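Okay, structure first, notes after.
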Amino acid sequence: MNSKIDLVTFRLFVFWYTVGIFLLTFDLVPPPLEWANAVFLILCGILGGFYFIRTYGLFIGGVTVVVIMVFSITAEVFGVSTGLLFGDYDYNPDFGLVFFNVPFTIGTAWLMVIATTHALVSPWFSHVKSSVVKGFGYVLTASLFAVAIDLVIDPVAFEVKTYWEWGGTDGFYYGIPFSNFVGWFIVAFVLHSFIYVFFHLARVWDKQVHAYWWPRTVALFYMIVFMFTFLCAVNGLWLAAISGVVTMVVARLITNRFNRSHL
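First residue of the sequence shown: 155, per my numbering; consecutive thereafter.
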(Lines of atoms letter the chains of each structure in order from A and count residues from 1; the text may use other names and numbers.)
(Lines give C-alpha, C1' and ligand atoms only; values in the text may rest on other atoms or scores of the structure.)
Protein backbone atom coordinates (compact mmCIF):
# COMPACT_ATOMS: atom_id res chain seq x y z
CA MET A 1 0.00 0.00 0.00
CA ASN A 2 1.41 3.38 -0.97
CA SER A 3 0.96 6.30 1.38
CA LYS A 4 -0.71 9.49 0.25
CA ILE A 5 2.58 11.38 0.56
CA ASP A 6 4.16 9.09 -2.06
CA LEU A 7 1.37 9.75 -4.53
CA VAL A 8 1.25 13.51 -3.90
CA THR A 9 5.03 13.90 -4.09
CA PHE A 10 5.35 12.13 -7.41
CA ARG A 11 2.39 13.99 -8.90
CA LEU A 12 3.84 17.31 -7.72
CA PHE A 13 7.10 16.43 -9.44
CA VAL A 14 5.33 15.55 -12.69
CA PHE A 15 3.49 18.88 -12.57
CA TRP A 16 6.69 20.84 -11.83
CA TYR A 17 8.53 18.90 -14.53
CA THR A 18 5.86 19.58 -17.18
CA VAL A 19 5.64 23.29 -16.40
CA GLY A 20 9.44 23.49 -16.27
CA ILE A 21 9.92 22.04 -19.74
CA PHE A 22 7.46 24.58 -21.16
CA LEU A 23 9.03 27.57 -19.38
CA LEU A 24 12.61 26.54 -20.19
CA THR A 25 11.81 25.78 -23.82
CA PHE A 26 10.48 29.28 -24.41
CA ASP A 27 12.85 30.95 -21.92
CA LEU A 28 9.94 32.23 -19.84
CA VAL A 29 11.51 31.92 -16.39
CA PRO A 30 11.99 35.47 -15.07
CA PRO A 31 14.98 36.16 -12.77
CA PRO A 32 12.79 36.40 -9.62
CA LEU A 33 11.62 32.82 -10.27
CA GLU A 34 15.05 31.23 -10.72
CA TRP A 35 14.52 29.64 -7.30
CA ALA A 36 12.18 27.21 -9.10
CA ASN A 37 15.29 25.41 -10.37
CA ALA A 38 16.29 24.67 -6.79
CA VAL A 39 12.81 23.32 -6.04
CA PHE A 40 13.07 21.05 -9.07
CA LEU A 41 16.38 19.60 -7.87
CA ILE A 42 15.02 19.14 -4.36
CA LEU A 43 12.00 17.26 -5.72
CA CYS A 44 14.35 15.07 -7.78
CA GLY A 45 16.30 14.25 -4.63
CA ILE A 46 13.14 13.55 -2.65
CA LEU A 47 12.05 11.03 -5.28
CA GLY A 48 15.46 9.37 -5.11
CA GLY A 49 15.21 9.27 -1.32
CA PHE A 50 11.73 7.75 -1.44
CA TYR A 51 13.02 5.05 -3.79
CA PHE A 52 15.85 4.00 -1.49
CA ILE A 53 13.86 4.19 1.74
CA ARG A 54 10.70 2.50 0.44
CA THR A 55 12.70 -0.24 -1.29
CA TYR A 56 15.37 -1.03 1.29
CA GLY A 57 13.81 0.15 4.55
CA LEU A 58 14.16 3.25 6.69
CA PHE A 59 17.57 2.41 8.15
CA ILE A 60 19.33 0.99 5.08
CA GLY A 61 17.68 3.46 2.71
CA GLY A 62 18.23 6.38 5.08
CA VAL A 63 21.93 5.59 5.51
CA THR A 64 22.26 5.33 1.73
CA VAL A 65 20.63 8.73 1.23
CA VAL A 66 22.88 10.36 3.84
CA VAL A 67 26.05 8.82 2.39
CA ILE A 68 25.17 9.94 -1.14
CA MET A 69 24.38 13.47 0.00
CA VAL A 70 27.42 13.87 2.24
CA PHE A 71 29.90 12.28 -0.14
CA SER A 72 28.67 14.12 -3.24
CA ILE A 73 28.61 17.53 -1.54
CA THR A 74 32.05 16.87 -0.05
CA ALA A 75 33.37 15.91 -3.49
CA GLU A 76 31.84 19.06 -4.99
CA VAL A 77 33.34 21.24 -2.22
CA PHE A 78 36.72 19.66 -2.92
CA GLY A 79 36.24 20.25 -6.63
CA VAL A 80 35.22 23.90 -6.28
CA SER A 81 38.02 24.58 -3.80
CA THR A 82 40.85 22.91 -5.71
CA GLY A 83 39.73 22.50 -9.31
CA LEU A 84 41.21 19.00 -9.20
CA LEU A 85 38.16 16.77 -9.54
CA PHE A 86 35.72 18.39 -11.97
CA GLY A 87 37.82 21.28 -13.26
CA ASP A 88 37.91 24.96 -12.31
CA TYR A 89 34.29 26.07 -11.85
CA ASP A 90 31.91 28.15 -9.72
CA TYR A 91 28.17 27.80 -9.14
CA ASN A 92 25.49 30.36 -9.90
CA PRO A 93 24.00 31.69 -6.60
CA ASP A 94 20.40 30.80 -7.58
CA PHE A 95 20.43 27.27 -6.18
CA GLY A 96 19.52 28.08 -2.58
CA LEU A 97 21.42 27.19 0.59
CA VAL A 98 25.19 27.02 0.02
CA PHE A 99 27.89 25.08 1.88
CA PHE A 100 31.45 26.20 1.16
CA ASN A 101 30.41 27.59 -2.26
CA VAL A 102 28.43 24.45 -3.17
CA PRO A 103 24.60 24.55 -3.18
CA PHE A 104 22.84 21.94 -1.04
CA THR A 105 20.67 21.15 -4.07
CA ILE A 106 23.68 19.72 -5.89
CA GLY A 107 23.57 16.93 -3.31
CA THR A 108 19.91 16.29 -4.09
CA ALA A 109 20.75 16.22 -7.80
CA TRP A 110 23.39 13.57 -7.13
CA LEU A 111 20.84 11.62 -5.10
CA MET A 112 18.56 11.57 -8.15
CA VAL A 113 21.41 10.50 -10.44
CA ILE A 114 22.52 7.62 -8.21
CA ALA A 115 18.97 6.46 -7.46
CA THR A 116 17.87 6.44 -11.10
CA THR A 117 20.99 4.73 -12.41
CA HIS A 118 20.78 2.15 -9.62
CA ALA A 119 17.11 1.43 -10.34
CA LEU A 120 17.81 1.21 -14.06
CA VAL A 121 20.94 -0.95 -14.00
CA SER A 122 20.76 -3.21 -10.92
CA PRO A 123 18.12 -5.61 -12.33
CA TRP A 124 20.31 -6.25 -15.38
CA PHE A 125 22.85 -8.02 -13.19
CA SER A 126 20.48 -9.63 -10.70
CA HIS A 127 20.87 -13.14 -12.15
CA VAL A 128 24.66 -13.07 -12.58
CA LYS A 129 26.07 -15.80 -10.32
CA SER A 130 29.58 -14.45 -9.84
CA SER A 131 29.51 -11.73 -7.19
CA VAL A 132 32.66 -10.17 -8.66
CA VAL A 133 31.25 -10.00 -12.19
CA LYS A 134 27.88 -8.84 -10.88
CA GLY A 135 29.43 -6.13 -8.70
CA PHE A 136 31.89 -4.82 -11.26
CA GLY A 137 29.32 -4.97 -14.06
CA TYR A 138 26.74 -3.10 -12.01
CA VAL A 139 29.13 -0.43 -10.71
CA LEU A 140 30.78 0.21 -14.08
CA THR A 141 27.53 0.31 -16.08
CA ALA A 142 25.64 2.47 -13.57
CA SER A 143 28.58 4.89 -13.41
CA LEU A 144 28.72 5.18 -17.19
CA PHE A 145 25.00 5.96 -17.30
CA ALA A 146 25.57 8.64 -14.65
CA VAL A 147 28.14 10.24 -16.96
CA ALA A 148 25.66 9.90 -19.84
CA ILE A 149 23.17 11.96 -17.83
CA ASP A 150 25.83 14.64 -17.36
CA LEU A 151 26.54 14.71 -21.09
CA VAL A 152 23.06 16.16 -21.67
CA ILE A 153 22.72 18.21 -18.48
CA ASP A 154 25.98 20.16 -18.61
CA PRO A 155 25.64 21.68 -22.10
CA VAL A 156 22.25 23.16 -21.17
CA ALA A 157 23.31 24.17 -17.67
CA PHE A 158 26.54 25.80 -18.89
CA GLU A 159 25.88 27.03 -22.42
CA VAL A 160 22.20 28.02 -22.12
CA LYS A 161 21.42 28.72 -18.46
CA THR A 162 24.92 29.49 -17.04
CA TYR A 163 24.12 27.67 -13.80
CA TRP A 164 27.87 27.41 -13.32
CA GLU A 165 30.97 28.85 -14.96
CA TRP A 166 34.22 27.21 -15.95
CA GLY A 167 37.33 29.24 -15.33
CA GLY A 168 40.32 29.27 -17.64
CA THR A 169 39.34 26.15 -19.58
CA ASP A 170 38.38 25.37 -23.13
CA GLY A 171 36.95 21.88 -23.00
CA PHE A 172 36.48 19.62 -25.97
CA TYR A 173 32.73 19.30 -25.37
CA TYR A 174 30.89 22.64 -25.41
CA GLY A 175 33.74 24.22 -23.45
CA ILE A 176 33.36 21.67 -20.63
CA PRO A 177 36.70 20.18 -19.51
CA PHE A 178 37.20 16.44 -19.81
CA SER A 179 38.10 16.33 -16.12
CA ASN A 180 34.46 17.11 -15.32
CA PHE A 181 33.29 13.83 -16.83
CA VAL A 182 36.15 11.95 -15.18
CA GLY A 183 35.08 13.48 -11.87
CA TRP A 184 31.46 12.45 -12.46
CA PHE A 185 32.57 8.90 -13.20
CA ILE A 186 34.75 8.74 -10.08
CA VAL A 187 32.00 10.03 -7.76
CA ALA A 188 29.39 7.71 -9.31
CA PHE A 189 31.79 4.75 -9.20
CA VAL A 190 32.54 5.27 -5.50
CA LEU A 191 28.87 5.68 -4.59
CA HIS A 192 27.67 2.70 -6.61
CA SER A 193 30.50 0.61 -5.13
CA PHE A 194 29.34 1.61 -1.67
CA ILE A 195 25.74 0.69 -2.53
CA TYR A 196 26.71 -2.71 -3.90
CA VAL A 197 28.84 -3.65 -0.89
CA PHE A 198 26.48 -2.14 1.69
CA PHE A 199 23.35 -3.74 0.25
CA HIS A 200 25.02 -7.14 0.04
CA LEU A 201 26.30 -6.95 3.60
CA ALA A 202 22.81 -5.92 4.72
CA ARG A 203 21.33 -8.71 2.55
CA VAL A 204 18.91 -6.41 0.78
CA TRP A 205 20.45 -6.38 -2.70
CA ASP A 206 17.66 -8.55 -4.12
CA LYS A 207 15.05 -5.94 -3.19
CA GLN A 208 15.77 -3.70 -6.21
CA VAL A 209 12.15 -3.73 -7.39
CA HIS A 210 9.50 -1.85 -5.43
CA ALA A 211 6.02 -2.08 -6.97
CA TYR A 212 5.43 1.68 -6.83
CA TRP A 213 8.82 3.36 -6.73
CA TRP A 214 10.97 1.18 -8.98
CA PRO A 215 9.06 1.89 -12.25
CA ARG A 216 8.75 5.58 -11.32
CA THR A 217 12.44 5.89 -10.53
CA VAL A 218 13.34 4.28 -13.86
CA ALA A 219 10.83 6.64 -15.49
CA LEU A 220 12.59 9.53 -13.72
CA PHE A 221 15.82 8.52 -15.45
CA TYR A 222 14.15 8.77 -18.85
CA MET A 223 12.30 11.97 -17.92
CA ILE A 224 15.50 13.76 -16.92
CA VAL A 225 17.44 12.60 -19.97
CA PHE A 226 14.52 13.46 -22.27
CA MET A 227 14.07 16.91 -20.74
CA PHE A 228 17.67 17.94 -21.27
CA THR A 229 17.90 16.19 -24.63
CA PHE A 230 14.89 18.20 -25.78
CA LEU A 231 16.39 21.44 -24.44
CA CYS A 232 19.67 20.65 -26.19
CA ALA A 233 17.81 20.20 -29.49
CA VAL A 234 15.79 23.39 -29.01
CA ASN A 235 19.00 25.35 -28.42
CA GLY A 236 20.92 23.78 -31.29
CA LEU A 237 23.24 21.67 -29.14
CA TRP A 238 22.96 18.75 -31.52
CA LEU A 239 25.87 16.62 -30.34
CA ALA A 240 24.48 16.66 -26.81
CA ALA A 241 20.97 15.96 -28.13
CA ILE A 242 22.23 12.95 -30.08
CA SER A 243 24.05 11.78 -26.95
CA GLY A 244 20.77 11.92 -25.03
CA VAL A 245 18.88 9.98 -27.68
CA VAL A 246 21.60 7.32 -27.78
CA THR A 247 21.52 7.04 -23.98
CA MET A 248 17.76 6.45 -23.92
CA VAL A 249 17.85 3.98 -26.81
CA VAL A 250 20.73 1.95 -25.35
CA ALA A 251 19.07 1.84 -21.92
CA ARG A 252 15.81 0.69 -23.45
CA LEU A 253 17.42 -1.95 -25.67
CA ILE A 254 19.33 -3.46 -22.75
CA THR A 255 16.20 -3.45 -20.59
CA ASN A 256 14.18 -5.17 -23.32
CA ARG A 257 16.87 -7.77 -23.81
CA PHE A 258 17.05 -8.40 -20.06
CA ASN A 259 13.26 -8.76 -19.85
CA ARG A 260 13.16 -11.23 -22.76
CA SER A 261 15.95 -13.35 -21.31
CA HIS A 262 14.22 -13.64 -17.94
CA LEU A 263 10.62 -14.25 -18.93
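Just so you know, even glycine gets a beta-carbon here, dropped at the ideal spot from N, CA and C. In this text, all values refer to a predicted model and were calculated from it rather than measured experimentally.
Would you call the CB atoms of Phe375 and Thr270 closer than 7 Å? Cβ distance < 7 Å, so Phe375 and Thr270 count as in contact.
If contacts are defined as beta-carbon pairs under 8 Å, then Val358 and Tyr210 qualify, I think. What distance do you get, rounded to the angstrom? The pair is a contact, with the Cβ atoms about 5 Å apart (cut-off 8 Å).
Reduced DSSP secondary structure (H/G/I, E/B, other) of Val310: Under the three-state reduction of DSSP output, Val310 falls in the helix class.
Any idea if Val293 is buried or exposed, counting beta-carbon neighbours within 10 angstroms, 16 or more meaning buried? Counting C-beta atoms within 10 angstroms of its own C-beta, Val293 has 16 or more neighbours from the protein chains shown and is therefore classed as buried.
Output the distance between the C-alpha atoms of Gly337 and Asp181, rounded to the nearest integer angstrom. One C-alpha to the other measures close to 30 Å.
Can you tell me where the alpha helix (DSSP H) with Asp160 in it begins and where it stops? Lys158 to Thr179 is the span of the alpha helix (DSSP H), which, as asked, contains Asp160.
Exposure label - Val341; buried when at least 16 CB within 10 Å: The Cβ neighbour count for Val341, taken over all protein chains shown within 10 Å, is at least 16; the residue is labelled buried.
How many whole angstroms separate the CB atoms of Phe254 and Val231, which I take to be in contact at a CB cut-off of 8 Å? Contact between Phe254 and Val231 holds: their C-beta atoms lie close to 5 Å from each other, under 8 Å.
Looking at the structure shown, is Asp304 part of a helix, part of a strand, or coil, going by DSSP? Three-state result, Asp304: helix.
With distances taken from CA atoms, which of Thr236, Val301, Asp160 and Tyr245 is nearest Val267? Out of Thr236, Val301, Asp160 and Tyr245, Val301 has the C-alpha closest to the C-alpha of Val267.
Looking at the structure shown, is Leu256 part of a helix, part of a strand, or coil, going by DSSP? The sequence as given places Val at residue 256; Leu does not occur at that position. Per DSSP, reduced to three states, the secondary structure at Val256 is strand.
Alpha-carbon spacing of Pro331 relative to Glu319, whole angstroms: About 11 Å.
For the alpha helix (DSSP H) that contains Tyr210, what are its first and last residues? It spans Trp189 to Tyr210 - the alpha helix (DSSP H) in which Tyr210 sits, taken as one unbroken run.
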